[in-house]
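For reference, the structure discussed in these notes is given below.
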Amino acid sequence: MLSDWMLRLRALIKRTAVEEEIDTELRFHFDRQVESYIAEGLTPSEAARRARIAFGHFDHIKEEYRDAFGTRLLDDLKQDVGYGARALLRTPGFTCIALLTVGIGIGASSAIFSVVNAVLIRDLPYGDVTRLVYVGVRNPKLTDIPIESQDGIGAFAPSNADFDDLRSAATSFSNLTIFAQDALTLVDRDSTERIGGARVNGDFFRTIDVRPEIGRVLGPDDDGIGRPRVAVISHRLWQTAFAGAPDILTRQLSLGGGAYDVVGVMPPLFLYPRASDVGPDAVSKVTDVWIPMALTAQQQAERDFSNNTAAIGRLKPGVSVRDAQAEMSVLMARIDERHSRDWKGWHAVVTPMADSAVRNVRRPIWFLFGAVLLVLLIACSNAAHLTLARAEGRNHEIGVRAALGAGRGRLVRQLLTEAMLLAIAGGALGIGVSYAVVLLLPFVDPGNVPRLGEASVDWRVLLFGGGLSIFTGMTFGLFPALTVSRTEIGDVIKRAGRARTTGTSRMRGTLVVLQVSLAVLLVAGATLLLESYRNVLMADRGFSSSTLTLRISLDGGYREAERRRAFFRQLLSDVRALPNVETAGGVNALPLSGSEAMSFFTLDGFANKQDQMVNTRWVSAGYFNAMGTALLEGRAIEDSDIEGRPPVVVVNKAFASRYYPGASAVGRRFRIRGLDPSDPPRPWSTIVGVVADVRHSNLEDAPPPQVYSSLYQGEPMDSLYVAVQTRVAPDAMVSTVRRTIRNIDPQLALADIHVMGELVSEATARRRFQTTLLTAFGVIALALAAGGLYGLMSYTVRQRTREIGVRLALGARTSDVLLLVAGHGAKITLLGISIGAVAALMLARVLASTLYGVAPTDPGAIVVTVAVLMGAALLACLMPARRAIRLDPVKTLRED
Amino acid sequence: MSTDRMDRMDLPQGTLDLLILKAVALEPQHGWAISQRLHQMSTATLQIRQGSLYPALHRLERRGWIKARWSTSENNRRAKYYELTRRGHAQLETQTEAWRKLTTTIGQILESN
Numbered sequence: 019m020l021s022d023w024m025l026r027l028r029a030l031i032k033r034t035a036v037e038e039e040i041d042t043e044l045r046f047h048f049d050r051q052v053e054s055y056i057a058e059g060l061t062p063s064e065a066a067r068r069a070r071i072a073f074g075h076f077d078h079i080k081e082e083y084r085d086a087f088g089t090r091l092l093d094d095l096k097q098d099v100g101y102g103a104r105a106l107l108r109t110p111g112f113t114c115i116a117l118l119t120v121g122i123g124i125g126a127s128s129a130i131f132s133v134v135n136a137v138l139i140r141d142l143p144y145g146d147v148t149r150l151v152y153v154g155v156r157n158p159k160l161t162d163i164p165i166e167s168q169d170g171i172g173a174f175a176p177s178n179a180d181f182d183d184l185r186s187a188a189t190s191f192s193n194l195t196i197f198a199q200d201a202l203t204l205v206d207r208d209s210t211e212r213i214g215g216a217r218v219n220g221d222f223f224r225t226i227d228v229r230p231e232i233g234r235v236l237g238p239d240d241d242g243i244g245r246p247r248v249a250v251i252s253h254r255l256w257q258t259a260f261a262g263a264p265d266i267l268t269r270q271l272s273l274g275g276g277a278y279d280v281v282g283v284m285p286p287l288f289l290y291p292r293a294s295d296v297g298p299d300a301v302s303k304v305t306d307v308w309i310p311m312a313l314t315a316q317q318q319a320e321r322d323f324s325n326n327t328a329a330i331g332r333l334k335p336g337v338s339v340r341d342a343q344a345e346m347s348v349l350m351a352r353i354d355e356r357h358s359r360d361w362k363g364w365h366a367v368v369t370p371m372a373d374s375a376v377r378n379v380r381r382p383i384w385f386l387f388g389a390v391l392l393v394l395l396i397a398c399s400n401a402a403h404l405t406l407a408r409a410e411g412r413n414h415e416i417g418v419r420a421a422l423g424a425g426r427g428r429l430v431r432q433l434l435t436e437a438m439l440l441a442i443a444g445g446a447l448g449i450g451v452s453y454a455v456v457l458l459l460p461f462v463d464p465g466n467v468p469r470l471g472e473a474s475v476d477w478r479v480l481l482f483g484g485g486l487s488i489f490t491g492m493t494f495g496l497f498p499a500l501t502v503s504r505t506e507i508g509d510v511i512k513r514a515g516r517a518r519t520t521g522t523s524r525m526r527g528t529l530v531v532l533q534v535s536l537a538v539l540l541v542a543g544a545t546l547l548l549e550s551y552r553n554v555l556m557a558d559r560g561f562s563s564s565t566l567t568l569r570i571s572l573d574g575g576y577r578e579a580e581r582r583r584a585f586f587r588q589l590l591s592d593v594r595a596l597p598n599v600e601t602a603g604g605v606n607a608l609p610l611s612g613s614e615a616m617s618f619f620t621l622d623g624f625a626n627k628q629d630q631m632v633n634t635r636w637v638s639a640g641y642f643n644a645m646g647t648a649l650l651e652g653r654a655i656e657d658s659d660i661e662g663r664p665p666v667v668v669v670n671k672a673f674a675s676r677y678y679p680g681a682s683a684v685g686r687r688f689r690i691r692g693l694d695p696s697d698p699p700r701p702w703s704t705i706v707g708v709v710a711d712v713r714h715s716n717l718e719d720a721p722p723p724q725v726y727s728s729l730y731q732g733e734p735m736d737s738l739y740v741a742v743q744t745r746v747a748p749d750a751m752v753s754t755v756r757r758t759i760r761n762i763d764p765q766l767a768l769a770d771i772h773v774m775g776e777l778v779s780e781a782t783a784r785r786r787f788q789t790t791l792l793t794a795f796g797v798i799a800l801a802l803a804a805g806g807l808y809g810l811m812s813y814t815v816r817q818r819t820r821e822i823g824v825r826l827a828l829g830a831r832t833s834d835v836l837l838l839v840a841g842h843g844a845k846i847t848l849l850g851i852s853i854g855a856v857a858a859l860m861l862a863r864v865l866a867s868t869l870y871g872v873a874p875t876d877p878g879a880i881v882v883t884v885a886v887l888m889g890a891a892l893l894a895c896l897m898p899a900r901r902a903i904r905l906d907p908v909k910t911l912r913e914d
Numbered sequence: 025m026s027t028d029r030m031d032r033m034d035l036p037q038g039t040l041d042l043l044i045l046k047a048v049a050l051e052p053q054h055g056w057a058i059s060q061r062l063h064q065m066s067t068a069t070l071q072i073r074q075g076s077l078y079p080a081l082h083r084l085e086r087r088g089w090i091k092a093r094w095s096t097s098e099n100n101r102r103a104k105y106y107e108l109t110r111r112g113h114a115q116l117e118t119q120t121e122a123w124r125k126l127t128t129t130i131g132q133i134l135e136s137n
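First to last, the protein sequences are chains A and B. In terms of this note's numbering, the first sequence opens at residue 19 and continues consecutively. In terms of this note's numbering, the second sequence opens at residue 25 and continues consecutively.
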C-alpha cells in the first residue's frame, strides 16, 4: 500500500523529525489531560499523576510506534554494533588474531581473483571478441613441429596466395585479415632499439574493430607498393619514444628501412599481437608499431610458405565457429590442389581468438584460485574456532542475558553482528593486503601469462572482496552463534560459566580436523610443485647458464653473401681476441629463443622415409665451447669448415642413438633434401662429431634429434646470435662487446643481450609463478592450521585444569599428563592428516600435467608433507601440555 | 467494574479501530479529543488506556483509512488532527454492518436457550 510505504520511508529517512512529531503529539495529549484534571479541581501534581496512569508508559508507546514503523530492527542493529564493537575492543588479542586471519584469507583470495579477473574475465580491448577467430592451416607433414603443443594459435598462417583465395571465396566472415609479426629497428638519433612490430594488411584494424586514441588506423588505401609510408604506434611508444608529444601526428618514426609518418596512436592496452597471442614464434613480447604489409607481386604469389603470423576473421552475425570451420575446410581442400606435390595436405583450422590466448594458462590460474579458496576456508574455520572459543568464555554473560529475557534470535543476531564486524574489518584489511599483493605481482610475473601485468584492484575485485567478507562473516559467525545460543541457560548459570558443552567441543575438534586436512592438501600440492621446479632446474640442459649471448641483425648494406660471411668472421674473431673472453661462437637460433628450423633429410645407408624431418641449426667454430655443450665424439665445427671445403655436420646424442643405435654416427653421410623434389640435390655432408643433447625449445621435454651445420657452408643469414664464454662476470663484458661491434660497423643494432641463465629464468617463470604462489598458500595454511591446533590444545588444557590438578595431586607422573594432553592433539592431527592425505592423492591428478619428474602419488612428497604437519602439530600440542604439567595442583583445586 | 480490569481485557480484534473510525467520522479530531469522545460515547463503561490509542491511530493511517495533518488546536497549540478518508468512510460502513450482524447473531444464540 502506497501510504504505508511512504510513511515507513519517511520514518527511516527523517528519523529525528518523526520522533519529534510523536513526542509533540503525545506531549499535547498529556498536557490536555492534566489541564482537564486540574479543571476538575485536582492539584497540579495529583493531576499529573492521574494523567500518567491514564496514559500509560511513554516509552512503551513510542516503542510500539517504532515497531509499527519497522525501525526497530535498525535500532537493534545499532545497539548490537555498538555492543559488539565494545566487546571486541575489550579482547584486543582475540580481535587482532581474528582480523589477521580473516584479512589474510580475504586478501589472498582477492589478489588471486584480480589475476583471474585480468587474465580470464576482463574484456579484451577489441570489438566483440567472441566473433573473432584465427584462421590457420595445418599440414600433417609438419606435425612434429612443437608449435602444436604450445601457446597461441596452434597452426600456421595461410600463405599469401592461399589467403587471397580463401578471402575471395569465404562467406562466413564480415572481415578477414592477415598480418606478420616483425622485429623492427627503431633509430633514435645515435641509438638503435629493437621493438615489436606488425606488418598488417588493409583490413587488420577493421577486423579487430578497435579505434585509435588519436589520429586514424591503417586502412586498405595504405596497403600497397608505392603508397606513402605510414605507421600507427602504441600508446606506450608514444609515451617513451616521443615523450607523449601532442604533435605526434606530424612526426616521423625512423625504422631500420626508412622513415614512416605517424598517423595514429592506439589506446593504452592495445598491444596486439602479444607473445602470448602468437606462441613460441613470437619475435617480441608486445607490438608497438603497425605498418602496412605492402607485398610485392612475387610475395603475393607465394603459395607453399608463409612468413605470416596469423589470419584473423570476424564472423558474420549468425555464423558459428563450426559453420566457419566447415566452410574453410571445403575451401582449403580445393585450394590444396594448387600446392606443389610435396606440400599437399593442408587443411584449415578455425579457433576462437579469445580462447587461444589463454588456453594454456586457464587451468593453472583456476587451480591457483581454487587453492586460495582453500586457504580462505581454513581462515574461515579458524575464525569460527576463535569466535566459538570466545563465545564459550562468555557463556555466563550469554546465560544471564538469556535469563533476563533476550530472545534466542536476538542472541544469535548479537553474536552474528560481532562476527560480521570482524569480517567487514577483516575484509577491509584484506583489500589492503590484495593491493599490496597486486603491487608485488610484477616480481613473479612470468611474462607469458597474457595481461597478468594488468591485474589491478578494480570494482570487480572490490565487489568480490566485499562479498567474501559477508560470506565469511556468515560462515564463521553463524555456526558458533547457533551452537552457543542452544546451550541451556540454567545449566550455564549453575556452573558459573564453567559449562563445557560437548556440542561445542565436538564442533571445535571438527573445525581443527578440517583445517589440518586442508593444510595437508595445500602443503602436498606445494611440495609436488617445488619438487617439479627443482627437477626442471636440475635437469641437464646441455648448455651453460653463464654464457653471454646477444643478437646482431645485418641491414641493407649486407646484401651479398660474401659480405655477410666476412662480417660474421670478423666479428667472431674480434670478440674472441678480447681480454677475458674464453671463446665465442655464432648460431642462427639460440636455445630458448623460440625459434626452430626443420629440414627434410636423407641418410646414407638408412631406410629413409618420405617426409622425415630433423631440427637444424647453423653454428660457427667455438659455439659448442662457448655454450658449454659437451663434445661426446669426433670433432666440433671448425673455422676451416667453409664454403668449398667438404661439407660437415655435427649431430646430437638423440640423433645418433635414434638413427645409429649401438653404432657410431661419426663418418656417416647426411644430406638435406630440397623442399621441392625438383630442386637439385644438396651435397652430402659427413657427420664429424656428436655433441650432448641441448634443450632448445623448452626445458621440460627430452630434446629431439638435432643436426648442426657449419655457418659458412649454408645460406648466409641476415642475423646471428653470438655466444660468448667469459672469464669474468658476463655482465661486465657487455659494453666491451658492444664497442667491438660498433668498431666494425656503427650502424648495426644489438638486441636480446642476455646471459643464458636469464633465458632459463624466463622459461621457468610460469612454473615459478605457480610454485611460488602455491608454496605461499601452503605456508599460510600450515600456520593457520597450527594456530588452530594450538588454540584447541590450550583450550583443552584449560578445560581440564581441574582434572589434571586432581591427577597430579593423586600422584600421576608428568609423563602421564603429557600423554593425556598430547594424545588428544595427536588424535585430531592424525585424523586431519589422513583425510588430507587421501584428498591430496585425489587432487594430485589435477596437478599431474604440471608435474615434472615426480609422480602425483610420489611418496616422498607425502612423507615431507606429513612430517611438516606433524612437526607443526607437535609444537602446537607441546606448549599447552607443558603448561599443564607445570600446574600447581593445590592452586587449581582451590580455584573453584 | 474497575477501569483497570476493562483495560486488561482484550477487545475483539478490530473493535478499537472501529470506534476510532466512528469518533473521527464527523470532523477532524486530535488524539486527546478522540480519547475524550470515546470516553463520552461509551458513557465511561469502556475506558481504553489512552496511550494505546496512538499506535492504533498510526495503524489506521498506514492502512489509508484516516489521514493526519498538523494544525492549531483550540488552545493555540500545534496538534495532529486525524480525519476519515474516503476509503475510511467505506470501511466504517462495512465494519459497522459486520459488527451489527455479529452482535445480533450472538445475541440470538445467547437468548435462544
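All C-beta atoms in this analysis are idealised placements derived from N, C-alpha and C, irrespective of residue type, glycine included.
Proximity of chain A to B/W56 at the Cβ level (cut-off 9 Å) is accounted for by F46, H47, F48, D49, R50, Q51 and S54, in chain order.
For the region 55-80 of chain A, the set of positions with a beta-carbon nearer than 8 Å to some beta-carbon of chain B reads A72, F73, G74, H75, F76, H78 and I79 in chain order. Closest in C-alpha terms to A/V835, from the list A/Q788, A/R904, A/G854 and A/V882, comes A/R904.
Residue-level contact check: A/E82 touches chain B, since one or more beta carbons of chain B fall below 8 Å from its beta carbon.
For A/D200, the uninterrupted beta strand (DSSP E) segment begins and ends at F191 to D206.
Inclusion of A/F586 and A/R691 in the CB contact set at 8 Å is not warranted, their separation being larger than that value. Contact between A/R247 and A/Y278 holds: their C-beta atoms lie close to 5 Å from each other, under 8 Å. Under the Cβ criterion (8 Å, minimum of three pairs), the region 319-332 of chain A counts as touching the region 171-188 of chain A.
Counting along the chain, A/S812 sits inside the alpha helix (DSSP H) bounded by residues A783 to Q817. A residue is called buried when at least 16 other Cβ atoms come within 10 angstroms of its Cβ; A/V348 does not meet this threshold and is exposed. When the five nearest sequence neighbours on each side are left out, the beta carbons in the same chain lying within less than 8 Å of the beta carbon of A/S812 are those of M897, P898 and R901, in order along the chain. Just measuring C-alpha positions, the residue of A/V367, A/L255 and A/S192 sitting nearest A/P335 is A/S192. Per DSSP, the beta bridge partners of B/K91 are B/E107. Excluding residues up to 5 positions away in sequence, F223, V250 and G282 lie with their Cβ nearer than 7 Å to the Cβ of A/V235 in the same chain. The criterion of a C-beta distance shorter than 8 Å is not satisfied by A/I309 and A/R212. Note that the C-beta distance between A/V151 and A/P370 is below 8 Å. Neighbours of B/K104 in chain A, taken as residues whose beta carbon is under 8 Å from its own, are E39, T42, E43 and F46 in chain order. In the DSSP annotation of this structure, A/W308 is not part of any alpha helix (DSSP H); the continuous beta strand (DSSP E) holding it starts and ends at V307 to P310.
Taken in chain order, the whole beta strand (DSSP E) runs of length 3 or more contained in the region 310-371 of chain A are 328-333 and 365-370. Listed along chain A, no residue sits closer than 7 Å to B/G112 by beta-carbon distance, the nearest being about 11 Å off.
For A/V637, the closest C-alpha among the options A/Y730, A/G707, A/S703 and A/E580 is that of A/Y730. Excluding sequence positions up to five before and after A/L859, its CB lies within less than 7 Å of the CB of T875, all in the same chain and listed in chain order. Annotation for A/V725: the continuous beta strand (DSSP E) segment containing it runs Q724 to S728. Residue ranges of uninterrupted beta strand (DSSP E) with 3 or more members, entirely inside the region 221-277 of chain A and ordered along the chain, are 248-251 and 270-273. Per DSSP, A/H772 lies in no alpha helix (DSSP H) segment; the continuous beta strand (DSSP E) that holds it begins and ends at A767 to V773.
Measuring C-alpha to C-alpha distances from A/E345 to each of A/R785, A/A72 and A/T189 identifies A/T189 as the nearest. Where A/E651 is concerned, the enclosing beta strand (DSSP E) starts and stops at L649 to G652. The alpha-carbon of A/G74 is positioned some 11 Å away from that of A/L44. Around the beta carbon of A/C895, 16 or more other beta carbons sit within 10 angstroms, so the residue counts as buried. In terms of beta-carbon proximity, B/R61 stays away from the interface with chain A, with every pair separated by 8 Å or more.
Contacts between B/Q115 and chain A, judged by CB atoms closer than 9 Å, are missing: the closest CB pair is about 13 Å apart. By a beta-carbon distance limit of 8 Å, A/V530 does not contact A/A799. Their separation comes to about 13 Å. Between A/L555 and A/A116, the gap from beta carbon to beta carbon reaches 8 Å or more. When the Cα atoms are used, A/E821 and A/V839 turn out to be separated by approximately 11 Å. The C-beta distance from B/H54 to A/Y83 rounds to 17 Å, too long to fall under 8 Å, and the pair is not in contact. From the beta-carbon of B/Q119, no residue of chain A is found nearer than 7 Å; the closest lies around 18 Å away.
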